[in-house]
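To start, the structure under review is shown below, and the notes come after it.
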Amino acid sequence: MSGHDELYIVLQEKTATIFKYLIKNGANPRDAEDIIQESIYKFILNIDSVDPNKAYSWLFRVAINHYYDLCRKQKREVNISFDHFELVDDSLLPEDYVIFVFV
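The letter at position 67 of the sequence shown is residue 67 when you use UniProt numbering, and the numbering goes up by one with no holes.
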């Protein structure tokens, strides 16, 4: 078994654990998959600088940080539903509108 095969097996096992952790903490499956993919990509880019003994911790921390970033981003996004607003008749003056609505 080559080093790449071993790395693939380890990544598969570890990312499954991270995926379960993300789901348990509120991520939806699609976001969790995206986070795992992004984390593996960053891991591959930085593989030379990651201590092999701490690779799982590094990958886990990158995934969690990415999840926190996603949560912050989603928190900032405000979806406004216009279902609760009434359309105002532009043909009425404000005084006439008040009389029309409250009479």
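All C-beta atoms in this analysis are idealised placements derived from N, C-alpha and C, irrespective of residue type, glycine included.
- Approximately 6 Å separates the beta-carbon atoms of H66 and S39; this is inside 8 Å, confirming the contact.
- Considered as a whole, the UniProt domain "RNA polymerase sigma-70 region 2" (21-76) harbours 29-45, 55-76 as its complete alpha helix (DSSP H) runs of no fewer than 4 residues, in chain order.
- Taking 8 Å as the cut-off, the Cβ atoms of I23 and A32 count as close.
- Note on geometry: alpha-carbon atoms of G26 and Q37 lie some 18 Å from one another.
- Here the alpha carbons of L7 and Y56 stand approximately 11 Å from one another.
- Within the same chain, Cβ atoms closer than 7 Å to the Cβ of L11 are found at I40, the five residues on either side in sequence being excluded.
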